[in-house]
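Protein chains: 2
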Amino acid sequence: MEEKILELIANKQYGELRKQLSEMNPADIAVIFEEIPEKELAVIFRILPKELAAEVFVEIDSDMQQLLIEAFSDKELREVMDELFMDDTVDIIDEMPASVAKRILKQTDAATRKMINHLLAYPDECAGSIMTTEYIDLKKDMTVDEAFDRIRKIGFDTETIYNCYVTDRSRHLLGIVTVKDLLLNKKDCIINDIMEENIIYANTLDDQEEVVGLFEKYDVLALPVVDKENRLVGIITVDDAIDVMQEEASEDIEKMAAILPSEKTYLKTGVFETFKARIPWLLFLMISATFTGAVISGYEDKLTQFAALIAFIPMLMGTGGNSGSQSSVTVIRALSLGDIEFEDIWRVIWKELRVSLVSGIVLGAVNFIKIYLIDYLLLNNLDKSVALPEMIIVCLTLVLVVIVAKLVGCILPILAKRINLDPAVMASPLVTTILDAFSLMIYFGIASVVLGV
Amino acid sequence: MEEKILELIANKQYGELRKQLSEMNPADIAVIFEEIPEKELAVIFRILPKELAAEVFVEIDSDMQQLLIEAFSDKELREVMDELFMDDTVDIIDEMPASVAKRILKQTDAATRKMINHLLAYPDECAGSIMTTEYIDLKKDMTVDEAFDRIRKIGFDTETIYNCYVTDRSRHLLGIVTVKDLLLNKKDCIINDIMEENIIYANTLDDQEEVVGLFEKYDVLALPVVDKENRLVGIITVDDAIDVMQEEASEDIEKMAAILPSEKTYLKTGVFETFKARIPWLLFLMISATFTGAVISGYEDKLTQFAALIAFIPMLMGTGGNSGSQSSVTVIRALSLGDIEFEDIWRVIWKELRVSLVSGIVLGAVNFIKIYLIDYLLLNNLDKSVALPEMIIVCLTLVLVVIVAKLVGCILPILAKRINLDPAVMASPLVTTILDAFSLMIYFGIASVVLGV
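Each protein sequence line maps, in turn, to chains V and U.
Take 1 as the starting number for the first sequence in my numbering and just add one per residue.
Take 1001 as the starting number for the second sequence in my numbering and just add one per residue.
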């Protein structure tokens, strides 16, 4: 399909091209647009039917949007903007350099401009910043038939018509009626009698992660957003909620891997941008590892007596890190899905304590058997192998390291959440670095006692 | 709210309780149900109005469902099951022990039973296993008004009515009409003229992760599912797609932290279950770390000459691990969001190579400055500090380790995907363990050359 379209473009068969594109989905056209040479973009864009053009415009990335806007006449720009929903308009303006944003605003009427500026003022990542202001509003004394008339009248310009919002004169939200309710009730029913008054809603300044959690919990297609005075100011549609969900999951995953979150896709992010997102944590963790080095340096005089123990350092630090990141990552995800809260901290600690005890003992036992069976008996290299005291030191350390690791791993994210830090930052890399130092202290501490040096 | 309900239950004020619960959302009632003592569950459940009861039943967890089913009479069981949508019924049966499942199936009529068995046969995590079989089907020669009649007739029993599916006699999918299309067109319009023929759909055996990706890309509220003969067999609704999305993200995150995925929430998972999910990888990684230990053992004779270098091992291994997990996690997420594919491997490698070169040099330089400035000049402890050859060894190793780490980190997940392994398994823990050994080999290798031992 894609190749055929590109061929039509190359051969300038614009009539056939228009016909083919008109039957395609905006998201698919946007993918093809990425393959079109920059200088031909505006020409191809103009071929699209007006409404489809606007839909494609929303799907392409902001660099391409800027290119097109710069190629547009004022009239063309106005035509595209007129077709867009308010939330998309705001998103686009938000991404543009000031001069382009100004030019877009100039093409809108005073009321729209005021609304756009109002929406732009909401902080990032709050409900207000992802809502749209076009929705179907009804009055409670309307009949079902009157409601349908209103939907038919303003439905063309709203993103979703399936949830309708019943408001009073001062825009306070009284209830919700779905089109399903309207269709399944008699035409002369009064809205007041069929509307749902138990409303799930968000406030403009609510965190977007919590807001999209409501979609998951209550299975709604759209969520009304009210301001401080409880007046309806907009709605969030489920497709935008899905985008936020995936964004938040990616962000959590990036933070867990010690990367500063980015909004662009992997291949679209430049080398320098990727570098900038990764280097701060790498530097911080590298410097932090100095403490672990200091633990070793502190035992430098005894290192010759510990010679046989050094080979086990990577295994102990690795197992500690892995145990810690298992519990920290589980807890972080549970926190962000709302499964646990600060109040559950003791239940979490008690659970992790038991899990770590069992895990530690199993790992210690397996390790003992492994060293004993393989290194000692099977390979029969008695002199090169470790002696019993060393084996005990290693296995005992292992048990303790796993317990400490799991506890640190589960406590840090919960504490972070408590002081309003993002728990995801307390994932593997930071926890591992902290645990590395702990593991070595435990290891050399036990070794000093057992070996009596 | 919750406390008030629990108080009503304790005081057995069932009249008021029924009134209060009737106004609540099923998801909220389900939360309260978790606080109700087991033996009172069935009593409280029977208080709920029939339709709400079924909605609550879907929201509670499977242990509680089983408890209730065991308390139900056959008639009650049939009443609840009659209210459920097909996909929920199948999910519930899937979670029940065989005897309970049998009892449920016995309460359904032959046609439903056949359908349930058919749906149960779909493999987990495919489109067929998450679809529901109730949808609005239209014929292409119907008018808009006739379509509305059909929706009014069967709409009560379908999960969503907003997407209607136009099929021919043998159930082949011809087009889609939304209720918005129906409402915004004249009553005597023919469906054939207004239906969208460019259909986004899934096949029954498509992987659920790919299927939910279609919701994100095309912003649809429901997705039709067709069988091998291209006949419409069901639809997937957006609320189920959202659940799958969060499930898949959790699964990726768990795999990245070397945990076997679990479907239960954190606090609901027992200690032994959690242990079982975590111990396999811990064991595997612990045993694998033996190789890293072997690298050290291999240099045991030279360890005394390397004494000053040992303190830097945690920093080098840590930085290697962190660099590797940064690139592996980024690549894994990009793979699962469909941003990159196997074909992009060279672009990914080329990008990571440049990022790692810059990162490595910056980290090496900072490390050099840190050792030189702080340890050497500032603290002025010339004898205890490391000499120039050691400093060069450490910094050179750092640059090389970062480059190797980023390359290994980006290549392994892509290769895993290629051979149909889950790329998420190639995240931090496994990559780190592999890199630990590499880092040490590079370190001691360079040290041997520079120090000439």
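All C-beta atoms, glycine included, are put in the ideal place defined by N, C-alpha and C.
{"Asked": "What residues from the segment 202–217 of chain V come within 7 Å of chain U, judged by C-beta to C-beta, listed N to C?", "Found": "215, 216, 217"}
{"Asked": "From the beta carbon of residue 250 of chain V, is the nearest beta carbon of chain U less than 8 Å away?", "Found": "yes"}
{"Asked": "What do you get for residue 1158 of chain U, buried or exposed, if any count of 16 or more other CB atoms within 10 angstroms of its CB means buried?", "Found": "buried"}
{"Asked": "Could you spell out the range, first to last residue, of the beta strand (DSSP E) harbouring residue 225 of chain V?", "Found": "222–226"}
{"Asked": "Going by the DSSP bridge assignment, what does residue 1165 of chain U pair with across the sheet?", "Found": "U:1137, U:1176"}
{"Asked": "For a test of the three-state rule: what should DSSP assign to residue 189 of chain V, helix, strand or coil?", "Found": "coil"}
{"Asked": "Let me know the alpha helix (DSSP H) ranges lying completely inside the segment 1236–1319 of chain U, each 4 residues or longer, listed in chain order.", "Found": "1238–1256, 1271–1298, 1307–1310"}
{"Asked": "Would residue 204 of chain V pass as a contact of residue 238 of chain V if the rule is Cβ separation under 8 Å?", "Found": "no"}
{"Asked": "By the criterion of Cβ-Cβ separation under 8 Å, what are the contact partners of residue 155 of chain V in chain U?", "Found": "1180, 1183, 1184"}
{"Asked": "Flag this pair as yes or no: are the beta carbons of residue 1406 of chain U and residue 1327 of chain U separated by less than 8 Å?", "Found": "yes"}
{"Asked": "Quick one: which residues of the segment 300–323 of chain V get their C-beta closer than 9 Å to a C-beta of chain U? List them in chain order.", "Found": "300, 303, 304, 307, 308, 310, 311, 312, 313, 314, 315, 316, 317, 318, 319, 321, 322, 323"}
{"Asked": "Output needed for residue 95 of chain V: all residues of its chain with C-beta closer than 6 Å, excluding positions within five of it in sequence on either side, in chain order.", "Found": "62"}
{"Asked": "So the candidates are U:1102, U:1032, U:1155, U:1202; which of them puts its Cα closest to the Cα of residue 1064 of chain U?", "Found": "U:1032"}
{"Asked": "Whole angstroms is fine: what's the gap from residue 1172 of chain U's alpha carbon to residue 1192 of chain U's?", "Found": "14 Å"}
{"Asked": "What residue range does the alpha helix (DSSP H) around residue 1213 of chain U cover?", "Found": "1208–1218"}
{"Asked": "Contact criterion: CB-CB distance below 8 Å. Does residue 162 of chain V meet it with respect to chain U?", "Found": "yes"}
{"Asked": "To the nearest angstrom, how far is the alpha carbon of residue 1178 of chain U from that of residue 1041 of chain U?", "Found": "41 Å"}
{"Asked": "So the candidates are V:342, V:46, V:452, V:371; which of them puts its Cα closest to the Cα of residue 421 of chain V?", "Found": "V:342"}
{"Asked": "Hey, could you find the ends of the alpha helix (DSSP H) residue 150 of chain V is sitting in?", "Found": "144–154"}
{"Asked": "Given a cut-off of 8 Å on the beta-carbon distance, is the pair residue 121 of chain V and residue 292 of chain V in contact?", "Found": "no"}
{"Asked": "Taking Cβ-Cβ distances shorter than 7 Å, what residues in chain U pair up with residue 219 of chain V?", "Found": "1239"}
{"Asked": "I think residue 1258 of chain U touches residue 1285 of chain U, with their Cβ atoms under 8 Å apart; what is that distance to the nearest whole Å?", "Found": "7 Å"}
{"Asked": "Could you compute how far the alpha carbon of residue 1130 of chain U sits from the alpha carbon of residue 1223 of chain U?", "Found": "11 Å"}
{"Asked": "Rounded to the nearest angstrom, what separates residue 1270 of chain U and residue 1035 of chain U at their Cα positions?", "Found": "18 Å"}
{"Asked": "Is there contact between the segment 1240–1258 of chain U and the segment 244–262 of chain V, where contact requires at least three CB pairs shorter than 8 Å?", "Found": "yes"}
{"Asked": "Let me confirm a value: residue 312 of chain V is counted as buried when at least 16 other C-beta atoms fall within 10 Å, else exposed. Which label applies?", "Found": "buried"}
{"Asked": "When the cut-off is 8 Å and only beta carbons count, does residue 1382 of chain U lie next to chain V?", "Found": "Interpretation of residue 1382 of chain U is limited by its pLDDT of 49, a score under 50 that renders its predicted location unreliable; the figure taken from the coordinates is listed afterwards. Judged by the 8 Å Cβ criterion, residue 1382 of chain U is not in contact with chain V."}
{"Asked": "Since residue 1077 of chain U and residue 1048 of chain U are thought to touch, with beta carbons under 8 Å apart, how far apart are those beta carbons, to the nearest angstrom?", "Found": "Not quite, the Cβ-Cβ distance comes to about 15 Å (not below 8 Å), so this is no contact."}
{"Asked": "Measuring only between beta-carbons, confirm whether residue 1340 of chain U sits less than 8 Å from chain V.", "Found": "yes"}
{"Asked": "Can you find a C-beta in chain U that's less than 8 Å from the C-beta of residue 441 of chain V?", "Found": "no"}
{"Asked": "Would you mind working out which of U:1248, U:1153, U:1142 sits nearest residue 1126 of chain U, comparing C-alpha positions?", "Found": "U:1248"}
{"Asked": "Drop a sphere of 10 angstroms on the beta-carbon of residue 304 of chain V, count the other beta-carbons inside from all chains shown, and report buried for 16 or more, exposed for fewer.", "Found": "exposed"}
{"Asked": "Using a cut-off of 7 Å between C-beta atoms, extract the partners of residue 1275 of chain U located in chain V.", "Found": "355, 358, 359"}
{"Asked": "Work out the CA separation of residue 54 of chain V and residue 108 of chain V for me, nearest whole Å.", "Found": "15 Å"}
{"Asked": "If you count every other CB in all the chains shown that lies within 10 Å of the CB of residue 1426 of chain U, and 16 or more means buried, which is it?", "Found": "buried"}
{"Asked": "For my contact list, residue 1242 of chain U and residue 216 of chain V are in at a C-beta cut-off of 8 Å; report their separation, rounded to the angstrom.", "Found": "5 Å"}
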